[in-house]
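To keep things clear, I will list the structure first and then write my remarks on it.
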Amino acid sequence: MSKPFKRFLVRKLLTIHTHHHYTKTRVLRSVLLIALVMIPLIVSLFFVQGMIDGISDKYITLQDGHIQIYSSQLPDTSLIPTVLSSDYVLSSQGVIYSSDQTAEITIKGIQSSYIGELRAKELHVQTPIFDNQSSSVAEIMLSEVIASTLGVSIGDRVALMLLPEGGQLSVRPLLARVTDIYNTGYYELDSHLVFILQSSLQRMLPSHQQGHWELLLTSKKEPIIQQVIQHLEQEAGTSLSWASWDQFNRSVYENFITSKQVIMVVFFSILIVAATYIASISNALVQDTRSSIAMYTLLGADSKTLYSSYMSAMMIITSLGLSTGIGIGIALSYNIGKLLHLLAQKQIPAFQYYLLDFSVSFPLRDIILITLGMIGITACALWLSLRKIRTITPLELLQQE
Amino acid sequence: MSNLLLQLSHISKRFASANQTIDVLEDLNLSIYEGTSVAITGKSGSGKSTLLHIAGALDAPSGGEVYFKGILLDYYDDQLLSEYRNRHIGFIFQSHFLLDDFSALENVFIPSLIAKEKRSIMVKRAKELLDKVGLSSRLHHKPFQLSGGEKQRVAICRALMNNPSLIIADEPTGSLDEQTAQEIEQLLIQLVREEHKTLLLVTHEKQLATLCDTSYLLSNGRVTPIDE
Chain A
6 MSKPFKRFLV RKLLTIHTHH HYTKTRVLRS VLLIALVMIP LIVSLFFVQG
56 MIDGISDKYI TLQDGHIQIY SSQLPDTSLI PTVLSSDYVL SSQGVIYSSD
106 QTAEITIKGI QSSYIGELRA KELHVQTPIF DNQSSSVAEI MLSEVIASTL
156 GVSIGDRVAL MLLPEGGQLS VRPLLARVTD IYNTGYYELD SHLVFILQSS
206 LQRMLPSHQQ GHWELLLTSK KEPIIQQVIQ HLEQEAGTSL SWASWDQFNR
256 SVYENFITSK QVIMVVFFSI LIVAATYIAS ISNALVQDTR SSIAMYTLLG
306 ADSKTLYSSY MSAMMIITSL GLSTGIGIGI ALSYNIGKLL HLLAQKQIPA
356 FQYYLLDFSV SFPLRDIILI TLGMIGITAC ALWLSLRKIR TITPLELLQQ
406 E
Chain B
155 MSNLLLQLSH ISKRFASANQ TIDVLEDLNL SIYEGTSVAI TGKSGSGKST
205 LLHIAGALDA PSGGEVYFKG ILLDYYDDQL LSEYRNRHIG FIFQSHFLLD
255 DFSALENVFI PSLIAKEKRS IMVKRAKELL DKVGLSSRLH HKPFQLSGGE
305 KQRVAICRAL MNNPSLIIAD EPTGSLDEQT AQEIEQLLIQ LVREEHKTLL
355 LVTHEKQLAT LCDTSYLLSN GRVTPIDE
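These protein sequence lines are chains A and B, in that order. Quick note on numbering: the first sequence equals residues 6 to 406 in my numbering. Quick note on numbering: the second sequence equals residues 155 to 382 in my numbering.
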C-alpha cells in the first residue's frame, strides 16, 4: 500500500474542488448532518443521566439514605470518613387535613439536626426549619405540592392523623403548625413527604415502634456501601439488618435502568440511520469519481490503497461530525440547566412528573459507547458500500473513449 | 540486437455475447525490442486497442502468453500487475484522462506518488518533464484551464514520469487538430528517443506510423509487418 498516495488522495477527497455546488459542499453537509444527529443524542444523554442521578439523589438524601439500618442502636460512625451523616428517623403513613382538604402522606419524624446543609439544598429551604421546639403545637414542614393541595401556607394550622397499622395504633389527631414549605422539584417525592419533629411524631406512635438509621455516604457506589457495613458490623460485633438505596426502592431504580437501556436502543437505531446516510454519501463520492478511480488503477494504484483512502476520507468526515456534535452537545448540556430551571419554575403540568432542576452529570461511559457505536456502525456501512471500488477497472475508463 | 522487452505469443482474444462470439485476436505473435518504436495500424474494430490493453496488462488474453523481459505475466496477481503497470509502462490515450481536481504538476507526479517516490525527487522530475514539453508556466493549472494540446502534453509527461521501459500510446493525437497533432507526434517521438524508451503505438495516421522504427498492420486478428 502506498501511504504517500493514500494521504494525497484522502486530502483531495476532503477538499474536492468542482464546479458542482452540490459536490463541493458534500463534505460540509455530511459533517453537519452527523453533528446534527449527535447534538440531540448527547443532550438527551446528559438530560437522562442528570435526571436519573438527580432523582436518585433526592430519594437518597430525603427519603431513604444510602444505607438504612434497622436497629435502635448504631456504633459510632464519626470515624468512618465515607459517612457524611447518620440520623435516627421514625416514619409512618398518615393523612393530613386542612380546613377543607386532605392528602395522604408519608410522615417522617426527624431530629432538628437531620436537615443539614446537604438536605436543605435538596429541599430548597433555609435552616433551621423548626424554629420553636418548645411550643405545644407540633411543627411541620410540607412541600409546595401538599401545601397547594391543602390550600395552606407558612403559619397555618393543619391536623395530622396516622393510619392504624395492625390495629395497634390509637387513632388520635395531632394539631400542627406549618413552619416551612419545601420544594425538591420532584413531584413524586413532593406529593407525599412531610417532615415533623421526632418528639411530636413519637407522641402518636405506640411506644414499641422502632425507627431506623439513615446513613448518607460520600458515594453511592457498591464498594463504599459494603465497606461501611463491614466497618459497622465489626464495631457492633454482630450482623446488622440493613438495605442499600437501590434495594430499598428497587422498582424505581430498575425502571431507571430499563428506561436508559430503551433510550440507548433508540439512539443506536438513529445511529444506524445516520450511518446509512454516510454510506449513501460515500456511494455518491465513488460514483462521482468513478473515472478517477479507474485512472488510479490504470496508473498502478492497487484496489486496497484506493479502498483504504476512501474509507479514511469518510471516517475523517464521520469523526469531524462526531466531534463537532459531541462538542456542541456537551456545551449545550452544560447550559441546559438554566432552561430546565426556568421550566421547573413555570410548573407546566406536562413536566410535573419530571425532575427538571438537577445538576448536570457527565455520562462519559455512554458518550464513549455512542461514539464507538457510531464509528463501528459507520465503518460497517462504509465497508459494504465501498466494496464496489474493487470492481472498477481501467477498461471501464477506456471504453468511454 | 537489443534485448527483447515484450513478447506476445499466440495471443487470442474472444468476446462473447449472448448471441455471438467475436474472435478479435487470433494466434497473434509480436516481439518488441528495447529502445525501438513500433506502430500498429489497422481498420477500426480490427482489435488495435485490445492488443494494447493486453500488452499493458489492462486485459487478459483468452489464449496465449505475454512475456515482459522474459517473465510470463500470467504469474502476476492483481497486486503485481498494478506494480507492473506503475513501474514499467506509461500509457497515453486519445483522451488525455487527466484528473480534473489535480493541477498539471499533480497529474504528472501521480504515478511516482503511487510508487512511493520521495516527494522532492518526484516534484523535480515532474517539473523537468513539464519544462521539456513547454508547460513550465502551467504547473498549477487545472485541466480545464489547459488547451487540448497542452492536456495531451501533460498526459505524455505523466506516461514518462516513472521512467517506464515501455510507452503504450493509443491514437495519442486522435482528438487534436492537424497542426497540434503534428506537434504532439514530433514531441512524443522526440521524448521517447531522448529518454531511450520503447514505444508501442496504435494509430490511424500513416505519417505517425512512418516515424516509428517498425510498422505492423493488424488484420484478421494477426499482425503483419508493413514494408516501407
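For glycine and all other residues, C-beta sits at the position ideal for the given N, C-alpha and C. Bear in mind the structure is a predicted one, so any value in this text is a computation, not a measurement.
Could you tell me whether the Cβ atoms of Ala181/A and Ala143/A are closer together than 8 angstroms? Cβ distance < 8 angstroms, so Ala181/A and Ala143/A count as in contact.
Could you tell me which chain B residues have their CB closer than 9 angstroms to the CB of Gln318/A, listed as they occur along the chain? Here residue 318/A turns out to be Ala, not Gln, going by the sequence shown. The CB of Ala318/A never comes closer than 9 angstroms to any CB in chain B; the least such distance is about 13 angstroms.
Below 8 angstroms CB to CB, which residues in the same chain sit around Ser290/B once its five sequence neighbours on both sides are set aside? Only Lys281, Leu284 meet the Cβ criterion.
Host alpha helix (DSSP H) of His242/B (start-end): In the DSSP assignment, His242/B falls within the unbroken alpha helix (DSSP H) covering 232-242.
Under the rule that 16 or more other beta-carbon atoms within 10 Å means buried, what is Gly121/A, buried or exposed? If you draw a 10 Å sphere on the C-beta of Gly121/A, you find fewer than 16 other C-beta atoms in it, and that means exposed.
Under 8 angstroms (Cβ pairs) to chain B, residues found in the segment 392-403 of chain A: Only Thr398, Pro399, Leu400, Leu402, Leu403 from the segment 392-403 of chain A bring a Cβ to less than 8 angstroms from some Cβ of chain B.
Sub-8 angstroms separation of Val356/B and Ser203/B beta-carbons: Cβ distance < 8 angstroms, so Val356/B and Ser203/B count as in contact.
Which listed residue (Asn240/B, Ala211/B, Arg312/B) has its alpha carbon closest to that of Asn261/B: With distances taken between Cα atoms, Asn261/B lies closest to Arg312/B.
Just checking, does the segment 336-346 of chain A make contact with the segment 291-306 of chain A on the three C-beta pairs under 8 angstroms criterion? Contact fails: fewer than three Cβ-Cβ distances are below 8 angstroms.
Give me the chain A residues within the contact set of Asp213/B, using Cβ-Cβ distance strictly less than 7 angstroms, ordered along the chain. Those are Leu400, listed as they occur along chain A.
Is the CB-CB distance between Lys225/A and His71/A below 8 angstroms? Yes, the pair counts as a contact, with Cβ atoms nearer than the cut-off.
Comparing alpha-carbon positions, which option in Gly305/A, Trp388/A, Ile283/A, Thr189/A lies nearest Leu33/A? Closest option to Leu33/A, judged by alpha-carbon separation, among Gly305/A, Trp388/A, Ile283/A, Thr189/A: Ile283/A.
Ala386/A burial status per 10 Å Cβ neighbour count (16 or more: buried): The residue in question, Ala386/A, is buried, as its Cβ has 16 or more Cβ neighbours within 10 Å.
Going by beta carbon distance, what residues of the same chain come within less than 7 angstroms of Tyr312/A, once the five residues before and after it are set aside? Cβ within range, chain order: Leu391, Ile394, Arg395.
Three-state secondary structure assigned by DSSP to Gln98/A: Of the three classes helix, strand and coil, the one that applies to Gln98/A here is strand, per DSSP.
Look at the Cβ atom of Ala280/A, then the Cβ atom of Met320/A, and state whether they are nearer than 8 angstroms. Against a cut-off of 8 angstroms, the Cβ pair of Met320/A and Ala280/A comes out as no contact.
By the 9 angstroms beta-carbon criterion, what residues does the segment 292-321 of chain A contribute toward chain B? For the segment 292-321 of chain A, the residues whose beta carbon sits under 9 angstroms from a beta carbon of chain B are, in order, Thr294, Ser296, Ser297, Ala299, Met300, Tyr301, Thr302, Leu303, Leu304, Gly305, Ala306, Asp307, Ser308, Lys309, Thr310.
Check for me: the beta strand (DSSP E) holding Ala181/A runs from which residue to which? Element bounds for Ala181/A: 179-187.
Against chain A, with Cβ distances strictly below 8 angstroms, would Ile321/B count as a contact? Not one beta carbon of chain A lies nearer than 8 angstroms to the beta carbon of Ile321/B.
Helix, strand or coil: how does DSSP classify Pro297/B here? Looking at Pro297/B - three-state DSSP - the assignment turns out to be helix.
Excluding the 5 residues preceding and the 5 following Ser206/B in the sequence, name in chain order all residues of the same chain whose CB lies nearer than 6 angstroms to its CB. Residue identity differs from the one stated: residue 206/B is Leu in this sequence, not Ser. Apart from the 5 residues on each side of it in sequence, Leu206/B sits with its Cβ closer than 6 angstroms to the Cβ of Ile322, Asp324, Val356 in its chain, given in chain order.
Through-space distance from Pro178/A to Phe425/A, alpha-carbon basis: Outside the shown range of chain A, which is 6 to 406, sits residue 425/A, and nothing can be said about it.
Of the choices Ser287/A, Leu377/A, Leu400/A, Leu374/A, whose alpha-carbon is the least far from that of Val15/A? Residue Ser287/A is the option with its Cα nearest to Val15/A.
Are the C-beta of Ser35/A and some C-beta of chain B separated by less than 8 angstroms? Answer no: the Cβ-Cβ gap between Ser35/A and chain B never drops below 8 angstroms.
Name the DSSP bridge partner or partners of Gly217/B? Gly217/B pairs with Ser166/B.
Among Asn173/B, Phe245/B, Ser249/B, Leu354/B, whose alpha-carbon lies nearest the alpha-carbon of Pro265/B? The shortest C-alpha to C-alpha distance from Pro265/B to any of Asn173/B, Phe245/B, Ser249/B, Leu354/B is the one to Phe245/B.
Mind listing the chain A neighbours of Leu253/B? Cutoff is C-beta to C-beta under 7 angstroms, in chain order. Taking the beta carbon of Leu253/B as reference, the chain A residues within 7 angstroms of it are Ser297, Met300, listed in sequence order.
For Pro86/A, the nearest candidate out of His236/A, Thr294/A, Pro399/A (CA to CA): Of all alpha-carbon atoms in His236/A, Thr294/A, Pro399/A, the one lying nearest the alpha-carbon of Pro86/A is that of His236/A.
Quick one: complete beta strand (DSSP E) runs, 3+ long, within the segment 75-123 of chain A? Counting only runs that start and end inside the segment 75-123 of chain A, the beta strand (DSSP E) elements of at least 3 residues fall at 88-102, 107-115.
Any C-beta of chain B sitting closer than 8 angstroms to the C-beta of Lys17/A? At least one CB atom of chain B sits nearer than 8 angstroms to the CB of Lys17/A.
Bounding residues of the alpha helix (DSSP H) (the contiguous stretch that carries Met43/A): First-last of the alpha helix (DSSP H) with Met43/A: 31-63.
Inter-residue spacing [alpha-carbon to alpha-carbon] between Ile275/B and Ala170/B: Their Cα atoms are separated by approximately 46 angstroms.
Quick one: using the 10 Å Cβ neighbour count with 16 as the cut-off for buried, is Gly190/A buried or exposed? Classification for Gly190/A: buried.
Tell me which same chain residues have a C-beta within less than 8 angstroms of the C-beta of Gln174/B, skipping the five on either side of it? Its chain contains no residue whose beta carbon lies nearer than 8 angstroms to that of Gln174/B once the 5 sequence neighbours on both sides are disregarded.
Whole angstroms is fine: what's the gap from Ile268/B's alpha carbon to Val36/A's? In this model, Ile268/B and Val36/A are separated by some 29 angstroms (Cα to Cα).
Evaluate contact between the segment 102-110 of chain A and the segment 268-279 of chain A, counting only Cβ atoms and requiring at least three cross-stretch pairs below 8 angstroms. Not touching, per the Cβ criterion.
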